[in-house]
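Everything below concerns the one structure shown next.
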Amino acid sequence: MQATRGGAKAAQSLWQLYVQQRGYSMTLPSSKNLWDVVNRRRLEPHGAEAVHDIWMEFHNHPTRNRIAAVLTAPRYMKFQENASQSPMFVLPVFKGPNAFENFLVQCQLPLVLFTSLEEYKQRGPSAQPHLVLTHYTELMADKEIVLVRGDIIHPDACSRGEAEQLTRQVHEFYTQDQKYGFVHAFNHRPSEFDLKRMLDSLQHDTSQLPLD
4 MQATRGGAKA AQSLWQLYVQ QRGYSMTLPS SKNLWDVVNR RRLEPHGAEA VHDIWMEFHN
64 HPTRNRIAAV LTAPRYMKFQ ENASQSPMFV LPVFKGPNAF ENFLVQCQLP LVLFTSLEEY
124 KQRGPSAQPH LVLTHYTELM ADKEIVLVRG DIIHPDACSR GEAEQLTRQV HEFYTQDQKY
184 GFVHAFNHRP SEFDLKRMLD SLQHDTSQLP LD
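4 is the number of the first residue of the sequence shown in my numbering; add one for each residue after it.
Put into structure tokens, the structure is as follows:
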């Protein structure tokens with residue numbers, strides 16, 4: 004699946020329209036407040052490493068449609084800065100050699116929303132998010148970490164493994180300078196965005212893909 008050149012601005016406006024029309028912020032899958040999610044008295048006394056382990060273990064249940072991640076405070080600050088400048092992107096979920104599905108990414112921190120590009124093309128602003136990441140900064144000043152929860156809205160469209168893949172990739176592309184170059188081009192110089200080159204940077208076989 005190819006991201007059409009010059010489509011970044013159109014996708015951004017339509018995706019923002021979706022958020023406004025659906026009032027999505029009123030029906031978030033998880034609260035934006037960390038202490039609505041976990042017991043503050045049980046979590047806050049621990050050090051950063053223990054909090055990391057507790058958070059990951061708390062979400063480590065294969066039948067629940069939730070995943071977790073932890074960022075260091077400096078990495079989150081870079082993610083936040085770059086996301087404010089370049090809120091849109093596309094990320095692949097690899098299905099095998101020469102096979103992948105693109106997901107449209109919208110960063111509106113503390114949230115990051117993902118939907119399949121195919122569904123977005125078919126339904127436009129009515130497209131449903133398949134995955135929503137919530138970033139919790141309550142412990143950033145004290146423990147220098149940011150906790151991340153991923154809610155899988157449609158498991159049939161985004162599996163747990165695929166959600167983990169997307170979460171890892173979005174943080175990498177927004178915090179690693181070389182990879183962020185693709186994000187910046189997608190948002191600010193769409194004619195220069197090269198999907199195949201981006202996929203090749205992930206060491207994915209694109210030799211037989213009809214990208215034109």
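Don't be surprised by glycine CBs; every beta carbon is placed ideally from N, CA and C.
Alpha-carbon to alpha-carbon, residue j and residue i
i    : j    : result
Y79  : R126 : 32 angstroms
V108 : F185 : 13 angstroms
N85  : T178 : 8 angstroms
S28  : L114 : Because the pLDDT of S28 is 44, which lies under 50, any placement of that residue in the model is unreliable, and the number read from its coordinates should be weighed accordingly. Looking at the two C-alpha atoms, the distance is approximately 10 angstroms.
T75  : R69  : 21 angstroms
H64  : G164 : 12 angstroms
M91  : K81  : 16 angstroms
N190 : L198 : 13 angstroms
E176 : N42  : The sequence given here places Phe at residue 176; Glu does not occur at that position. Rounded to whole angstroms, F176 to N42 spans 32 angstroms at the Cα level.
I57  : L37  : 14 angstroms
H174 : A51  : 19 angstroms
A102 : F61  : 33 angstroms
P3   : C161 : Since the first residue shown for the chain is 4 and the last is 215, residue 3 is missing from the structure and cannot be characterised.
H207 : D180 : 20 angstroms
H157 : H55  : 26 angstroms
M201 : K182 : 8 angstroms
V73  : K146 : 12 angstroms
D159 : S87  : 30 angstroms
K124 : R67  : 29 angstroms
Contacting residues, own chain, Cβ-Cβ under 6 angstroms from residue i (five flanking each side not counted)
i    : result
Q172 : L94
E122 : A130
M59  : A71
S89  : V186, H187, N190
L205 : none
A53  : none
A31  : Per the sequence shown, residue 31 should be read as Leu rather than Ala. Same-chain partners within the cutoff: there are none.
Neighbourhood of residue i by C-beta distance below 8 angstroms, restricted to the same chain and skipping five residues each side
i    : result
Q83  : L112
Q24  : Since pLDDT at Q24 reaches only 46, below the 50 mark, its modelled position is unreliable, and the value read off the structure follows with that caveat. Counting only Cβ-Cβ distances below 8 angstroms, and skipping sequence neighbours, we find P128.
E104 : M4, P95, V96, K98, S119, L120, E121
G26  : Only weak support is given to the placement of G26: the predicted model assigns it a pLDDT of 47, under 50, and the value that follows is read from those uncertain coordinates. Closer than 8 angstroms at Cβ, skipping near neighbours: no residue.
Chain-order list of residues whose beta-carbon lies under 7 angstroms from that of residue i (same chain, five-residue window excluded)
i    : result
L116 : Q109, P132, V135
L169 : L94, V96, F106, F117, L134
S33  : V40, T137, R152, D154
E195 : A188
A166 : I70, L134, G153, I155
K222 : Only positions 4 to 215 of the chain appear in the structure, and residue 222 is not among them; the question remains open.
Residues that residue i bridges to, as DSSP identifies them
i    : result
C110 : V115
P154 : According to the sequence as given, residue 154 is Asp; it is not Pro. BP columns for D154 point to R69, V135.
Counting Cβ pairs closer than 8 angstroms, one from the stretch 40-52 and one from the stretch 128-148, do we hit at least three?
-> yes
Are the stretch 186-193 and the stretch 146-163 in contact at 8 angstroms, needing three or more beta carbon pairs?
-> no
Which ranges does the beta strand (DSSP E) cover as unbroken runs of at least 3 residues, wholly within the stretch 25-103, from first to last along the chain?
-> 69-75, 91-99
Within the stretch 165-206, ranges of the beta strand (DSSP E) (whole runs, at least 3 residues) | Whole beta strand (DSSP E) segments, 3+ residues: zero.
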